[in-house]
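To start, the structure itself, in structure tokens.
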Ligand SMILES: [Zn+2]
């Protein structure tokens, strides 16, 4: 499942940044090409047992933003949510399929014992 591999990638990035500290909250930004429901479901699965358990029980705070496309025809802009399948967007101008920007960004981590 695509969202599971995204979740695993996110978990790996979190673990690297956490440096062994226990993470209680992960903030991330996903573009509309990412299925945020699937990703939220996959995150605890990917986090379980990863990196010595530093992400176990961490909550995922996911912000969803529009994907952007820059097409070879010169069109550039935000894609409507129903335009994006996976990371492929269809140019509204010429109809060509292109790679939509975005995916998943790690915004921040909150560690155990830190104030919200
Ligand atoms: Zn185009």
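In the numbering used here, the protein residues as written are -15 to 100.
Virtual Cβ for every residue (Gly too), placed ideally from N, Cα, C.
| query | result |
| --- | --- |
| Looking at the unbroken alpha helix (DSSP H) that takes in residue 127, where does it start and where does it end? | Nothing in the structure corresponds to residue 127, since the chain is present only between -15 and 100. |
| Any heavy atom of ligand 1 closer than 8 Å to the beta-carbon of residue 30? | no |
| Can the beta-carbon of residue 61 be found less than 9 Å from the beta-carbon of residue 53? | yes |
| Which residue or residues does DSSP assign as beta-bridge partners of residue 160? | Any property of residue 160 remains undetermined from this structure, which presents the chain solely from -15 to 100. |
| Find the nearest neighbour of residue 105 within the set -4, 14 and 1, judged by alpha-carbon distance. | The question about residue 105 has no answer here: the residues shown for the chain are numbered -15 through 100. |
| With a threshold of 6 Å on Cβ separation, who are the neighbours of residue -15 within its own chain once the five nearest residues in sequence on each side are excluded? | Note that residue -15 scores 49 on pLDDT, short of 50, meaning its location in the model is unreliable; the coordinates nonetheless yield the value given after this. Taken in chain order, the list of residues that qualify is empty. |
| Taking 9 Å as the CB-CB cut-off, is residue 20 touching chain C? | Looking at the structure shown, chain C is missing, and only one protein chain is on hand. |
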